[in-house]
Amino acid sequence: MYVKQPYKNLCPAPNQCEEVAVFGSDQSQVAETSVVILADGADWSDARPGTEHFIYSFHGSGAVSLDSRQVSLSEGKWVYLPSSVSPNITAQGLLHILVFSVQVASASESTSLIAERGENGPLFEFGSNTTRLLLDRSESYRSEVTIVVWRPGTQGALVAHPDKEQTFFVLDGRGFITVDGVDSHVAPGDLVFVPQKTPHTTRADEDCSLTYVCMNSIVDLGAYNDFAGMYAKISPERLRRFQSGDKSVGA
Numbered sequence: 000m001y002v003k004q005p006y007k008n009l010c011p012a013p014n015q016c017e018e019v020a021v022f023g024s025d026q027s028q029v030a031e032t033s034v035v036i037l038a039d040g041a042d043w044s045d046a047r048p049g050t051e052h053f054i055y056s057f058h059g060s061g062a063v064s065l066d067s068r069q070v071s072l073s074e075g076k077w078v079y080l081p082s083s084v085s086p087n088i089t090a091q092g093l094l095h096i097l098v099f100s101v102q103v104a105s106a107s108e109s110t111s112l113i114a115e116r117g118e119n120g121p122l123f124e125f126g127s128n129t130t131r132l133l134l135d136r137s138e139s140y141r142s143e144v145t146i147v148v149w150r151p152g153t154q155g156a157l158v159a160h161p162d163k164e165q166t167f168f169v170l171d172g173r174g175f176i177t178v179d180g181v182d183s184h185v186a187p188g189d190l191v192f193v194p195q196k197t198p199h200t201t202r203a204d205e206d207c208s209l210t211y212v213c214m215n216s217i218v219d220l221g222a223y224n225d226f227a228g229m230y231a232k233i234s235p236e237r238l239r240r241f242q243s244g245d246k247s248v249g250a
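Start counting the sequence shown at 0; every next residue gets the next number (numbering that gives the first Met the number 0).
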């Protein structure tokens, strides 16, 4: 499912915020994705039990309260909050955030993670694209987040993930994302949802790269222990399909 810049008409009043739910239970088995726009001085929080959060700031600045401390948010910064911590965010000027909320079966006591750690996360090569790991599934209950950069004019191998759903939020560039045979031309601010076990691929436009945040909601918790283990198992065959132009669907 493709949604074009769902927040473009949001204009919160002073000290207020507006939220648009983009993907929810109609699409995903375990996750919700929303965009929140906060005016200067506005607060946003989510106290729902049994939910872990990944929050990505893509415009403006603010702060997220973590128990007794505050962590600053600015463009490109993010924070992961386990289900034991409820997010509480205050805007410092106009602030745009992407909120990825995932259901958990029991309270998660993982340590809160912030962007300073993830910006230097490990980089994985898939031939058509590079993938930088921000949040590993081993650090959360059922969330995993990466930044994916597609090289100009390249198209990835056709894949269908047996263990997870995916939500893409485009940061930069242009290209096509194909989900179950349906092509969508994407640009910054667009979102795409890929259901579990659904064939999909990405192709960057010829004149630019394409970058998006990839938020994985893990449905089958027992499939892999971490991203590196998954990569070691599936990357040789995926690279072979990409390099040979094989159009068959793989993991």
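Ideal Cβ positions, reconstructed from N, Cα and C, are used throughout, including at glycine.
Could you pull out every residue in the same chain whose Cβ sits closer than 8 Å to the Cβ of G249, ignoring the five residues on either side in sequence?
-> A156, L157, V158, A159, I233, E236, R237 and R240
Taking Cβ positions, are A30 and G61 nearer each other than 8 Å?
-> Taking 8 Å as the Cβ cut-off, A30 and G61 do not qualify as a contacting pair.
Decide yes or no for the touch test of the segment 194-204 against the segment 30-46: beta carbon pairs closer than 8 Å, at least 3 of them.
-> no
Measure from the alpha carbon of G49 to the alpha carbon of each residue in V19, G180, E124 and R141, then state which is nearest.
-> R141
G172 classed as buried or exposed, judged by whether at least 16 other C-beta atoms fall within 10 angstroms | In this structure G172 is buried. Its beta-carbon is surrounded by 16 or more other beta-carbon atoms within 10 angstroms.
Cross-strand partners of I146 (DSSP beta bridge) | R131 and V212
What's the call for L190, buried or exposed, on a 16-neighbour Cβ count within 10 Å?
-> That one is buried.
How many angstroms separate the CA atom of Q102 from the CA atom of E124?
-> 30 Å
Can you name, in chain order, every residue of its own chain whose Cβ lies under 6 Å from the Cβ of V193, other than the five neighbours on each side?
-> Cβ neighbours of V193 beyond the five flanking positions: Q165, V178 and H199.
Helix or strand or just coil, what does DSSP make of Y55?
-> strand
Use the C-beta contact count for G59: other C-beta atoms within 10 angstroms, 16 or more gives buried, fewer gives exposed.
-> Buried, since its Cβ has 16 or more Cβ neighbours within 10 Å.
CA nearest to the CA of G40, picked from V218, Y55 and C16 | With distances taken between Cα atoms, G40 lies closest to C16.
CB of E51 within 8 Å of CB of S183, strictly = no
Every unbroken beta strand (DSSP E) inside the segment 69-108 [3 residues or more] | Segments of the beta strand (DSSP E) lying fully in the segment 69-108: 77-80 and 87-102.
Rank G126, D135, I146 and R131 by C-alpha distance to the C-alpha of T153 and give the top, closest one.
-> Nearest of G126, D135, I146 and R131 to T153, Cα basis: G126.
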